[in-house]
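Data first, discussion second: the structure below is written as structure tokens.
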Amino acid sequence: RNFSMSSLPKDFLFNVEMNDSVISLSSISSDSVSSESSTSISDNFLTINENDLNEDILRKEIEKCNQMIRTTKECSQERMRLVRRLVELRFKLEMVTEIKALENKNQLIETKVIFGHHLSFVWKPNWLENKICDVCAKTIWKYMHQLYECSDCGYYCHIFCLDKIKRVCTAVLASEHSMILTITPSNGLLSQDYKCAECQSYIRIRNTKLSSEDTLSLEARLCDYDGKFYCPLHHWNNTALIPARVLCNWQFEKKCVSQASFQLLNYNYKSKMYNLEKHNPKLFTYLESLNKIKNIKNSLVKMKKYLVLCKVWNAQLKNVSSRCHELLYDSVLYSMKDMVEIQSGLFLDDLQRVNDICEKHIRYECEICKNQGYICELCQKDTIIFPFDEDAYGCDKCDNVYHYQCWKNRDFCPKCKRIKERSRLQEV
1 RNFSMSSLPK
11 DFLFNVEMND
21 SVISLSSISS
31 DSVSSESSTS
41 ISDNFLTINE
51 NDLNEDILRK
61 EIEKCNQMIR
71 TTKECSQERM
81 RLVRRLVELR
91 FKLEMVTEIK
101 ALENKNQLIE
111 TKVIFGHHLS
121 FVWKPNWLEN
131 KICDVCAKTI
141 WKYMHQLYEC
151 SDCGYYCHIF
161 CLDKIKRVCT
171 AVLASEHSMI
181 LTITPSNGLL
191 SQDYKCAECQ
201 SYIRIRNTKL
211 SSEDTLSLEA
221 RLCDYDGKFY
231 CPLHHWNNTA
241 LIPARVLCNW
251 QFEKKCVSQA
261 SFQLLNYNYK
271 SKMYNLEKHN
281 PKLFTYLESL
291 NKIKNIKNSL
301 VKMKKYLVLC
311 KVWNAQLKNV
321 SSRCHELLYD
331 SVLYSMKDMV
341 EIQSGLFLDD
351 LQRVNDICEK
361 HIRYECEICK
371 NQGYICELCQ
381 KDTIIFPFDE
391 DAYGCDKCDN
401 VYHYQCWKNR
411 DFCPKCKRIK
421 ERSRLQEV
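So in UniProt numbering, spot 76 of the sequence shown is number 76, and the numbers just go up one at a time.
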């Protein structure tokens, strides 16, 4: 997740500084302390295997650290480092004790369902970077903290933050609620009673003077997606594309959103759920690329009638790329990912490539598909035409295909005429 340091609580910054100080223990020189003391200190460092230490070993390490503190001078750098190390070990002991208590109750390995989240305990994280707790917005140190992860939406939280979860699972919201497709203006803090939209904490606009009674208010941050204000714990100044701005104005500038909206927009980023022609048909008038995409997709819809019934194509379908399959069978709906690729030109290139592959199969490679072509009955030429040809016109009633110019000059369908004559004779 992208986030700025200024958007996180002060406790987070303190933890970083403390950890840096602990790591700096390795830089103790032999000039400042005796070789014996340095050796004993070096045996007391954090290691990547410390997550596996049990309660007894941690207690011994704490006692050892206490004894080392007593042998150092008051206010010395060595004592300060050892005290920080002692705090770290005691914190680790507290975590191990908490996990042990949960293990005794057989609660740790069970999947917990909270506000739609299916939270599973993560034993040994394999991340390259530390995560941020979605509840308290503090760092989850992978070699120190125990955590739960939602298998549906990727929600992370400390083991001691479980009872503080208030956000509904993104997967549940995505399945039960439609996306906001209108640009939502802010109604002001007064409409929210000066409270965060998620946790109901008191919030205020930045740089306003606090009254003597208002000492607990947090900075109010506006979410561009839903138009509501949030506190810094639930709005990390992450930016995302706003579907309403893309659909209405074809605007691809990322805006600041709350963490709940950020997760929802990322969750639906690849979901094909936006009908551009329905939401904003004028886009196809002003954007040439969209108009080309519309024409190619209409052509692919007509090709699909051949490909679905073709045994050769269905046998080769496993060799066709997933991208080709996706573009061929999704004709009307678009995802946010698709619209970004349309803006960059990548989508049109891929679509044209799929169109060429399908047309080549029907027109040249497959005898089954080729034999299902049409001969124009109006001009009687031997050239085979298909419904997806640019100069072809299909009858709305019988689906017979003619040259557009031939149809325009005659303006009647010979096949429909024969059907009418046959019906009349049968009635007689």
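Think of the CB as a built atom: it goes at the ideal place given N, C-alpha and C, for glycine as much as any other residue.
Between Asn275 and Cys256, the gap from beta carbon to beta carbon reaches 9 Å or more.
Just measuring C-alpha positions, the residue of Gln146, Lys381, Val113 sitting nearest Val168 is Val113.
Taking the Cα positions, Gln263 is about 24 Å away from Trp123. By the 16-neighbour rule on beta-carbons within 10 angstroms, Lys228 is buried. Sequence-distant partners of Ala197 (beyond 5 residues in either direction) whose C-beta falls short of 7 Å from its own C-beta, in its chain, are Lys228, Phe229, Tyr230. For Phe121, the three-state secondary structure derived from DSSP is strand. Closest in alpha carbon position to Cys133, among Gln200, Gly116, Leu162, Ser151, is Leu162. Looking at Ser321, Leu58, Cys136, Leu241, the one whose alpha-carbon comes closest to that of Leu89 is Leu58. In the structure shown, the three-state DSSP call for Phe229 is strand. For Gln259, same chain residues with a beta-carbon under 6 Å away, outside a window of 5 residues either side, are His234, Trp236 in chain order. For the pair of segments examined, the stretch 369-385 was found not to touch the stretch 318-331: the number of CB pairs separated by less than 8 Å stays below three. In this structure, DSSP gives Arg422 a helical state, which the three-state scheme calls helix. Under DSSP, Leu147 shares a beta bridge with Val122, His158. Distance from the CA atom of Phe121 to the CA atom of Val354, rounded to whole angstroms, is 44 Å. With a 10 Å radius around the Cβ and a threshold of 16 neighbouring Cβ atoms, Arg221 comes out buried. Approximately 6 Å separates the beta-carbon atoms of Cys157 and Ile165; this is inside 8 Å, confirming the contact. Classified as exposed, Lys360 has fewer than 16 neighbouring CB atoms from the shown chains inside 10 Å of its CB. Check the Cα spacing between Ser331 and each of Leu309, Lys302, Gln343: the tightest is with Lys302. Excluding sequence positions up to five before and after Phe388, its CB lies within less than 6 Å of the CB of Ser299, Lys302, Met303, all in the same chain and listed in chain order.
Taking C-beta atoms as the reference points, Met95 and Ile159 count as a pair closer than 9 Å. With contacts defined as CB atoms closer than 9 Å, Ile419 and Val401 fail to qualify as a contacting pair. Distance from the CA of Asp226 to the CA of Tyr329, rounded to the nearest whole angstrom, comes to 32 Å.
Nearest to Pro125 by alpha-carbon distance, out of Gly116, Gln146, Val135, is Gln146.
In the three-state scheme derived from DSSP, where H, G and I count as helix and E and B as strand, Thr239 is classed as strand.
Scanning the stretch 345-392 for uninterrupted alpha helix (DSSP H) segments of 4 residues or longer gives 346-360, 367-370, listed from N- to C-terminal end. Spanning the alpha carbons of Gln380 and Glu288 requires a straight line of approximately 36 Å. Of the residues assessed, Lys278 falls on the exposed side of the cut-off, its CB having fewer than 16 other CB atoms within 10 angstroms.
DSSP places Lys64 inside the alpha helix (DSSP H), whose first and last residues are 55-70.
Judged by DSSP in its simplified three-state form, Asn275 adopts strand. Linking Gly394 to Tyr306 through their CA atoms gives a straight-line distance of about 15 Å. Apart from the 5 residues on each side of it in sequence, Gln192 sits with its Cβ closer than 7 Å to the Cβ of Lys228, Phe229 in its chain, given in chain order. One thing to note: Phe284 has its Cβ no nearer than 9 Å to the Cβ of Gln343. As a beta-bridge residue in DSSP terms, Tyr334 pairs with Tyr274. Here Leu327 is near Asp350, since their CB atoms are less than 9 Å apart. Between the C-alpha atoms of Cys406 and Lys397 there is a straight-line separation of about 17 Å. A check of alpha carbon separations from Lys337 across Leu189, Tyr269, Arg323 identifies Tyr269 as the nearest.
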